[in-house]
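Just so we're aligned: the sequence shown equals residues -22 to -1, 1 to 515 in mature numbering (1 follows the signal peptide of the UniProt record, and there is no 0). Where a beta carbon is used, it is the ideal one built from N, C-alpha and C, also for glycine. Structure first, commentary second.
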Amino acid sequence: MDRGSLVAVLLASILHSAVVAAEDRHVFLNWEVSYSVRSPLGVSKRVIAINGRLPGPLLNLTTNDVAHVNVVNTLDEPFLLTWNGLQMRRNSWNDGVAGTNCAIQPGANWTYVFQAKDEIGSFFYRPSLGLHAAAGGHGPIRVNNRPVIDVPFPHPDGEFDVLIGDWYNMDAKEMKERLDRGRGLPPPDGILVNGLGPYEAEVTFKAGRTYRLRVSNVGARTSLNFRLQGHKLLLVEVEGTYTLQKHYASLDVHPGQSVSVLVAADQAPKAYYMVVSSLFVLPEIFGVATVLYAGSGEQPPSGDAPLDERSSHNNYNRSMEQAMSIRMNLTSGAARPNPQGSFHYGDINVTRTLLLRNDESDIGGRRRCTVNGVAFANAGTPLKLADYFRIAGVFKVVSGRPETRNPSLGTTVIDASYRDYVQIVFENRLPSMQTWHLDGHSFFVVGMAWGKWSPDARSTYNLVDAMYRSTVQVYPTSWTAVLVYLDNEGMWNLRSQDVEKRYLGQELYLRVRQGDSEVPDPRDELPMPSNALLCVF
């Protein structure tokens, strides 16, 4: 190609980029974070509210929108929000966790700027520091398709965000002090639906209509089962991926997970119960909301909520079978017109395997949760800033494989190459549930089974239509394997979605980069934002 032709191509590319950027819609929001006293279970507790609300306001975007969220911190302690499930393309600077961002100090504000690039679906935001997530501060996120992209189901007549989660009457600071003394958290006191206690939350259907319910488990640590009395749940989307559509009587939603279901209002026009019950927790607890049919007199359902179904929901085998029954819809597009299944993930050679084994250990006289023998300890300097300014000694690079050594504290990072295709195996040796989330990426959940993982397990993987999501459960004394294409440069948090396990050390970071280049290509990673916070010591 001659020089003139090359210049013409470059100019055309620049003009195209400018046109695309000009078409991106910018959404500006101002959120004030404050304390509020609520009593959803009859006991007053100081909660974290956003603009005076719990849950906080809906972040409603369309794919490619650029969000500008100015967060004003009126609490008496530092604060950060993270965006659970949004991939934050090229932009771990705005991920909102301690390893990437300095905290927003009391009385200060900071504006997150990020693009919902090439993704759709149901997600949520929540606080990321300490045990703030157990005090509220969460809210729903919707990323909608552009109008030119079809969805694989008829447009619903209405949508409802349903945020479910366990709840502690204990103050979050008291919970933190309890863990600092080496004691575990007790079972939760109850379950909330949209921040409300039993029988307080309501949604209204019109007979003959179809509704989309976007359900997220925003709780502290408990797996939940979701069902709607007398109605079937048609699963259509999980954390940004359209699913092979299938009816379920109930769905398990583990901590940090989000699902979308369609519900046909095809029953007798009266009131029904929405029931949320705890899984694998004794004593079993319930959250109950009411579904009203418009024009039916809006009377509560007769009798108590149908809790007698609960015995069938506390079965690990049943739960794992349901998880593996959820498959990706290979014929539909998501954020782009090409089918989701056009990326033949099962035909790609895996370049590396990370085996992450979680455990519990006594370290320095205190119970800790470890990954490959290390309990994560947050550094005073965010790892992203330390990496950017080449500050030595802030974190330690580890292999991503179990090592023979005494359990210890550490600030651990796994180095990974940009565009590598990696297998991550989460191996759980404990008798309790685990739930893992990876910021900046989604992954294909290709397998899970009881016992220890071995390389031979690959023969059992689903390499055709596995779910593509960002949060996955690992059952007691079992393993879960995922495949992830590392196409998003940055410093990305890999964490437990159980706030107790995370606080006690069950997390690490994945540094995705191209070699040792000091200045990443801005096409692959955005430069440090001009409003980046500097830490206060």
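Alpha-carbon to alpha-carbon, residue j and residue i
| i | j | result |
| --- | --- | --- |
| Arg480 | Asp244 | 43 Å |
| Pro125 | Val239 | 20 Å |
| Thr200 | Gly468 | 30 Å |
| His4 | Ile119 | 16 Å |
| Phe367 | Thr359 | 11 Å |
| Glu503 | Asn466 | 8 Å |
| Gly275 | Lys248 | 8 Å |
| Ile(-9) | Arg68 | For Ile(-9), the predicted structure reports a pLDDT of 34, less than 50, and the residue's modelled location is therefore unreliable. The matter cannot be settled from this model. |
| His232 | Thr413 | 7 Å |
| residue 518 | Phe6 | As shown, the chain starts at -22 and ends at 515. That puts residue 518 outside it, with no answer to give. |
| Leu511 | Phe204 | 40 Å |
| Val21 | Gly175 | 11 Å |
| Gly115 | Val216 | 22 Å |
| Tyr90 | Gly429 | 42 Å |
| Val442 | Gly378 | 26 Å |
| Ile326 | Ala27 | 45 Å |
| Ser320 | Leu308 | 7 Å |
| Asp499 | Leu229 | 43 Å |
| Leu213 | Asp139 | 15 Å |
| Ala364 | Glu137 | 43 Å |
| Gly173 | Pro409 | 30 Å |
| Glu180 | Leu270 | 7 Å |
| Leu211 | Gln223 | 10 Å |
| Phe264 | Asn147 | 15 Å |
| Arg305 | His322 | 14 Å |
| Asp158 | Glu478 | 11 Å |
Exposed unless 16 or more other CB atoms sit within 10 angstroms - verdict on residue i
| i | result |
| --- | --- |
| Tyr189 | buried |
| Asn79 | buried |
| Glu485 | buried |
| Val375 | exposed |
| Phe422 | buried |
| Val490 | buried |
| Ala(-11) | Annotation note: pLDDT 34 at Ala(-11) (below 50); position unreliable, no value reported. |
| Asp286 | Caution applies to Asp286, whose pLDDT of 49 falls short of 50 and renders its modelled position unreliable; the value that the coordinates give is listed next. Exposed, since its Cβ has fewer than 16 Cβ neighbours within 10 Å. |
| Pro505 | exposed |
| Val400 | buried |
| residue 521 | The question about residue 521 has no answer, for the chain in this structure spans -22 to 515. |
| residue 519 | This structure cannot settle anything about residue 519, because the visible part of the chain is limited to -22 through 515. |
| Ala459 | buried |
| Thr52 | exposed |
| Gly342 | exposed |
| Lys184 | exposed |
| Ala267 | buried |
| Gln93 | buried |
| Ser194 | buried |
| Leu260 | exposed |
| Asn8 | exposed |
Beta strand (DSSP E) segment containing residue i, residue limits
| i | result |
| --- | --- |
| Met66 | No beta strand (DSSP E) holds Met66; DSSP gives it neither H nor E. |
| Lys224 | 219 to 226 |
| Trp431 | Counting along the chain, Trp431 falls outside any beta strand (DSSP E), and DSSP gives it neither H nor E. |
| Val269 | 264 to 271 |
| Ser255 | 250 to 256 |
| His46 | 44 to 51 |
| Arg16 | 4 to 16 |
| Met411 | Per DSSP, Met411 belongs to no beta strand (DSSP E) and is neither H nor E. |
| Tyr446 | 445 to 447 |
| Ser456 | 456 to 463 |
| Thr40 | 37 to 40 |
| residue 522 | Shown here, the chain extends from -22 to 515; a query on residue 522 therefore has no answer. |
| Val25 | 23 to 28 |
Where the alpha helix (DSSP H) through residue i begins and ends
| i | result |
| --- | --- |
| Tyr294 | 294 to 303 |
C-beta atoms of residue i and residue j nearer than 8 Å
| i | j | result |
| --- | --- | --- |
| Thr389 | Ala355 | yes |
| Leu202 | Ser236 | no |
| Gln207 | Val514 | no |
| Met411 | Gln475 | no |
| Gly117 | Leu37 | yes |
| Phe57 | Leu109 | no |
| Val25 | Val49 | no |
| Ile142 | Gly218 | no |
| Asn406 | Pro454 | yes |
| Leu387 | Phe373 | no |
Segments assigned beta strand (DSSP E), at least 3 residues, entirely inside the stretch 313 to 389: 330 to 341, 344 to 349, 352 to 354, 374 to 376, 386 to 388
3-residue-minimum beta strand (DSSP E) runs that sit fully inside the stretch 473 to 507, ordered along the chain: 485 to 491
Minimum length 3: unbroken beta strand (DSSP E) runs contained in the stretch 77 to 114: 87 to 93, 99 to 105
Uninterrupted alpha helix (DSSP H) stretches inside the stretch 116 to 169 (no shorter than 4 residues): 150 to 158
Ordered list of beta strand (DSSP E) runs contained in the stretch 171 to 218, each at least 3 residues: 180 to 183, 188 to 195, 202 to 206, 211 to 216
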